[in-house]
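The structure appears right after this line, and notes come after that.
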Amino acid sequence: MMLVRARASKHRRLRRTVPLLGTMGVVMTLLCLTAIEPAHALPRMSLTAGSPCVTCHTNPTGGAGRNELGFGSMNDVGLATWDDIGLGALDTKKNTIGEHVTLGYDLRVLWGRLGQPTADSDGKVNVPDYITIPMQFQTALSVSLTDTLSVYGTYTAGADTMSEGVVCDPHFAGQECFDVAVQFESPGLPMVRAGMIQPSIGIRLDDHTAYIRGDAADRGRPIIPANYADWGAEAMYHPVSWFRVDAGAVVPENLDVSLNGLVETAALDAVAYSARISYLPQLVFGGPEPKAGNSDDDFDDDFDDDFDNDAPPPPKPTVWNTWVGASIFASGDFSLINGFLGIGSHAGWEVRAEVSQSSRTTRHETFNTMVTASYTPADWISFNLRAERARTQTDDGEKKADQYVAGLEFFVLPGVEVRPEYRLLETEAFRFGHAVVQIHTFF
Amino acid sequence: MTNDIRAKNALPVLDCGPNRRQVLSGLGCVVVASQLSGCTIAEVFGDTEGQAVSFDVADAQFAELATVEGIATLDVGVRKVILIRRSESEVVALDRICSHAQCDMAPPLGVWQNDALLCICHQTTFNVDGTAQPGGATEDPIEAFAVDFDPGTGTGVVFVGVEAT
């Protein structure tokens, strides 16, 4: 393509609005940090607990649908209880029907500026208005068929589902409106699931706006969109706590839509393969010293004896859970390689980093990085920071998207979460910072 | 293209009810969110003036324009353009940013149907001259740009910033 007429590029700062009230926001943030009481003793998910997603979720990669432990865990978390506000009747005591059927849902609404700033020919900058949009309404069902066999699935409604009755209305290209799988799980054997599944790729995030699986050249068209799924099967083998491997294959129909829906960019094979390997050592520092010559079994007895003798309690050990791993998802000329590592403590701190690189038939190579940190001082609140750098190389040059997100997860009531965030996004064309509030309800 | 664009972890165990300090801190956090909502930063880099840009359906970027109702997208400086093969002989070019809530109408958010561009963000439909059809979320138009298209060669020029006549 030829540029017939071009003018010298100009860099215009066209609008910046930073009210003084923003300063108050910083002050209030500091107040938040200092007003919160120390954490209680908690079991935690993921890095802070050292537990895989399947500990609490019916889908081993997470998402809507919690098992008995997951439901029981979250059902008490909140700044207040339903009883506290006089709505005890809304307190969901269980998410099961009988002994074998488990239900769940995840409703998310976002209040924010959807889109990006634009400029008129006269230089005036326009920003999108604040609007409220339904992000997701996902329902989940799982049925335990036998001790080793179960079926789980989710259905996600789209914007047109309610208004026009469109049953399957995915928002992003390649997104699927449902997933369903038959899952086999038996002690000592690999867990196997088959159906419409999302393969294990890097770390599956709860936030759909992250760019680690995205494309800076087309931010509205992520490589692997949220709720991506294809027909296939995957096995997960977790023989010891510190090692896990996932491997599977899918028929990449939705992947084809994601990569080639507009322009053919990647020649895919009939099958896409996925593999992920994770090393998950737990590091323990401090705590009571075992006595010389004692076996591990003796140690427990001695621990109890210390209490019986009214001796000072032994020091608590510091436990750090860690992840190091890598994954590959590939078909034909397309490949997506992720590397990740993370560390989290029972005290509520957690830091993660992930990198991803993808390539296709045509020159369209992405290289994305992400670093996140969170602190959960109490079970009902968590502070989060995220920095992302997305780069895409095409024949048109390099496209970039840098995003910084600071926010908190605030569990107001059991099953009701408010997630205020401030997001700053910068590309070649614009810089855009604004506040966003998500409200999640779930069980 | 040589666009010079500078242009939960929380598992449970809440072993006591919320106290006043917790409630106050929670309310403080909500206040933070409300205060931050007034803090919007918006800068646009690049050339906001018009440019004439050539295209060729033989290029992968514009391959969809080889067939009627095919859609391609184009960024020119800060301007975002959607090109639509309206008929065998005509390609139309519209501003891709919806005049209602600034949704980017690149597919899949923009759908070409009934000879008009539908923004599925809030169901606003724009005619080929950029005017909004009644009944949508806005009556504000989007810009329609002049296009010189040669169906014989599959090449053309879109004049971004120059109103279609």
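Top line first, the protein sequences correspond to chains A and B. With our numbering applied, the first sequence covers 0 to 442. With our numbering applied, the second sequence covers -5 to 159. For glycine and all other residues, C-beta sits at the position ideal for the given N, C-alpha and C.
Around the Cβ of Ala211 of chain B, are there at least 16 other Cβ atoms within 10 angstroms (buried) or fewer (exposed)? Given a span of -5 to 159 for chain B in the structure shown, any question on residue 211 of chain B remains unanswerable.
For Pro221 of chain A, which residues in the same chain have their Cβ closer than 7 Å to its Cβ, ignoring the five residues on either side in sequence? Listed in chain order, the non-local C-beta contacts of Pro221 of chain A below 7 Å within the same chain comprise Phe171, Arg212, Gly213 and Asp214, local neighbours out to five positions each way being set aside.
Could you pull out every residue in the same chain whose Cβ sits closer than 6 Å to the Cβ of Met23 of chain A, ignoring the five residues on either side in sequence? At Met23 of chain A, the pLDDT of 38 sits below 50, so the modelled position is not reliable; the number obtained from the coordinates is stated separately. For Met23 of chain A, same chain residues with a beta-carbon under 6 Å away, outside a window of 5 residues either side, do not exist.
Within a Cβ cutoff of 7 Å, which residues of the same chain sit near Gly69 of chain A, ignoring the five residues on either side of it in sequence? Close CB contacts of Gly69 of chain A within its chain, under the 7 Å cut and outside five residues either way in sequence, are with Cys55 and His56 (chain order).
Could you compute how far the alpha carbon of Ala34 of chain A sits from the alpha carbon of Lys123 of chain A? Any reading at Ala34 of chain A must be qualified, since the residue scores a pLDDT of 33, below 50, and its modelled position is unreliable; no value is offered.
Partner residues on chain A for Pro102 of chain B, Cβ-Cβ distance less than 7 Å: Near Pro102 of chain B (Cβ distances below 7 Å), the residues of chain A are Ala172.
Mind listing, in chain order, the continuous beta strand (DSSP E) runs of no fewer than 3 residues lying wholly within the stretch 312 to 397 of chain A? You should have 316 to 330, 333 to 344, 348 to 358, 363 to 377 and 380 to 393.
According to DSSP, is Gly71 of chain A part of a helix, a strand, or is it coil? Looking at Gly71 of chain A - three-state DSSP - the assignment turns out to be helix.
Put Val191 of chain A into one of helix, strand or coil per three-state DSSP. For Val191 of chain A, the three-state secondary structure derived from DSSP is strand.
Under DSSP, the beta strand (DSSP E) around Asp142 of chain B begins and ends at which residues? Unbroken beta strand (DSSP E) run through Asp142 of chain B: Ala138 to Asp144.
As assigned by DSSP and simplified to three states, the class of Gly111 of chain A: Here DSSP, grouped into helix, strand and coil, assigns Gly111 of chain A to strand.
Endpoints, the beta strand (DSSP E) within which Leu173 of chain B is located: Residue 173 of chain B lies beyond the stretch modelled for chain B, which goes from -5 to 159, so this question has no answer here.
Compare the C-beta of Thr117 of chain A against all C-beta atoms of chain B and say whether one is closer than 7 Å. Taking 7 Å as the threshold, the shortest C-beta distance from Thr117 of chain A to chain B falls below it.
Taking just the CA atoms, how far does Ile342 of chain A sit from Val38 of chain B? Between Val38 of chain B and Ile342 of chain A, the C-alpha separation is close to 38 Å.
According to DSSP, which residues form a beta bridge with Ser143 of chain A? Paired residues: A:Ser149.
Among all the DSSP beta bridges, which residues are the ones paired with Lys399 of chain A? According to DSSP, residue pairing for Lys399 of chain A in a beta bridge involves A:Arg390.
Backbone secondary structure at Glu157 of chain B - three-state DSSP: The three-state reading of DSSP puts Glu157 of chain B in strand, counting E and B together.
With burial defined as no fewer than 16 other Cβ atoms inside 10 Å of the residue's Cβ, what is the status of Asp362 of chain A: buried or exposed? Position check: residue 362 of chain A holds Arg in this sequence, whereas Asp was assumed. Answer is exposed; the Cβ neighbour count stays below 16.
Work out the CA separation of Phe429 of chain A and Asp378 of chain A for me, nearest whole Å. Their backbone Cα atoms lie some 38 Å apart in a straight line.
Can you grab the Cα-Cα spacing for the pair Ala57 of chain B / Asp50 of chain B, in whole Å? Taking the straight line joining both Cα atoms gives about 8 Å.
Can you find a CB in chain B that lies within less than 7 Å of the CB of Phe431 of chain A? Yes - at least one Cβ of chain B is within 7 Å of the one on Phe431 of chain A.
CB contact check: Gly114 of chain A to chain B, cutoff 7 Å: Answer yes: the Cβ-Cβ gap between Gly114 of chain A and chain B drops below 7 Å somewhere.
Identify whether Ala60 of chain B lies in helix, strand or coil by the three-state DSSP scheme. If DSSP states are grouped into helix, strand and coil, Ala60 of chain B belongs with the helices.
Does any C-beta atom of chain B lie closer than 7 Å to the C-beta of Ala389 of chain A? Ala389 of chain A does not count as touching chain B.
I need the DSSP call for Asp159 of chain A, collapsed to helix, strand or coil. Helix, per DSSP.
Residues of the stretch 99 to 132 of chain B in Cβ contact with chain A at a cutoff of 9 Å, in chain order, please. Against chain A - using a Cβ distance shorter than 9 Å - the residues of the stretch 99 to 132 of chain B are Ala100, Pro101, Pro102, Leu103, Ile114, Cys115, His116 and Gln117.
Rounded to the nearest angstrom, what separates Arg444 of chain A and Tyr129 of chain A at their Cα positions? Residue 444 of chain A falls outside the range modelled here, since chain A spans only 0 to 442, and no answer is possible.
Residues near Ala138 of chain B in its chain [Cβ-Cβ closer than 6 Å; skip 5 each side]: Beyond the five residues adjoining it in sequence on each side, Ala138 of chain B comes within less than 6 Å, by CB distance, of Leu88, Asp123, Gly124 and Ala158 in the same chain, given in chain order.
My guess is that Ser355 of chain A and Asn367 of chain A are in contact by the Cβ rule of under 8 Å, so how many angstroms apart are they, rounded? Contact holds; Cβ gap of about 5 Å.
Going by C-alpha to C-alpha distance, which of A:Pro419, A:Phe284 and A:Asp217 sits closest to Lys399 of chain A? Nearest option by C-alpha distance: A:Asp217.
Chain A within 7 Å of Ile76 of chain B, Cβ atoms only: So no, Ile76 of chain B is outside the interface.
Would you say Val256 of chain A and Gly231 of chain A are within 7 Å of each other, going by their C-beta atoms? Their beta carbons are not under 7 Å apart, which means Val256 of chain A does not touch Gly231 of chain A by this criterion.
What are the residues of the stretch 341 to 368 of chain A that lie near chain B, defined by any Cβ-Cβ distance shorter than 9 Å? Cβ contacts with chain B come from Gly343, Gly347, Glu349 and Thr361.
Val86 of chain B versus chain A: which residues are under 8 Å apart at the beta carbon? Within chain A, no residue comes near Val86 of chain B; the closest Cβ sits about 18 Å away, beyond 8 Å.
Between Pro133 of chain A and the rest of its own chain, which residues show a CB-CB distance below 6 Å, the 5 nearest in sequence each way excluded? Val108.
Bridge partners - Trp230 of chain A, DSSP secondary structure assignment: Bridge partners of Trp230 of chain A: A:Met195.
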